[in-house]
Amino acid sequence: MGCTSAIVFACFGAAYGTAKAGVGVSAMGVLRPDLIVKNIIPVVMAGIIGIYGLVVSVLISNGLTQESSLFANFIQLGAGLSVGLSGMAAGFAIGIVGDAGVRGTAQQPRLFVGMILILIFAEVLGTSC
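When you line the sequence shown up against UniProt numbering, it's residues 1 to 129, in that order.
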């Protein structure tokens, strides 16, 4: 259950973040096509959240044995839930910030640095657990 929780919740957050930020990049690309490559950073950062969930899921699955104690199983479940749910929250944050930040950067290019800082802190939210 820990493996499943880690990868499912983290990938759900990554998918939401990618979709939400991708919509912002698409809307921004209509007005300012020259900024598409520069503003695709939120989409990439959202995808990295899913990779974190995959890595933790593999690490948990390597610790599985045929006969393990109840304590070890609950530790693995807790680790999976912790990484998965924090990844989901980080994916939501990256998606919302990426969408608004990309649209704002199209109108005022000085917002780019602030958007990147907020995205970095949202990414750290996903890796802190």
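Built from N, CA and C at the ideal position, the CB exists for glycine as well.
Enclosing alpha helix (DSSP H) for D34 [first to last residue]: Unbroken run through D34: none, as it is neither H nor E.
Classification of D34 by the beta-carbon crowding that lies within 10 angstroms, buried from 16 upward: exposed
Terminal residues of the alpha helix (DSSP H) in which R110 lies: Premise fails: R110 is in no alpha helix (DSSP H) and is neither H nor E.
Sequence-distant residues of its chain with Cβ nearer than 6 Å to L81 (five each side left out): S5
Per-residue DSSP class, three states only, for S61: helix
Candidates S86, L77, A93, of which the one nearest L59 by Cα: L77
Test item: CB-CB of M115 and G126 under 9 Å: no
Anticipated Cβ contact below 8 Å, A14 with V102, distance rounded: Actually they do not touch by this definition, with Cβ atoms about 17 Å apart.
Three-state secondary structure (DSSP) of E67: coil
Per-residue burial, V113 [other beta carbons within 10 Å of its own, 16 or more giving buried]: exposed
Between the CA atoms of F121 and G2 - distance to the nearest angstrom: 25 Å
Neighbour-count burial assignment, A10, 16 or more Cβ in a 10 Å radius: buried
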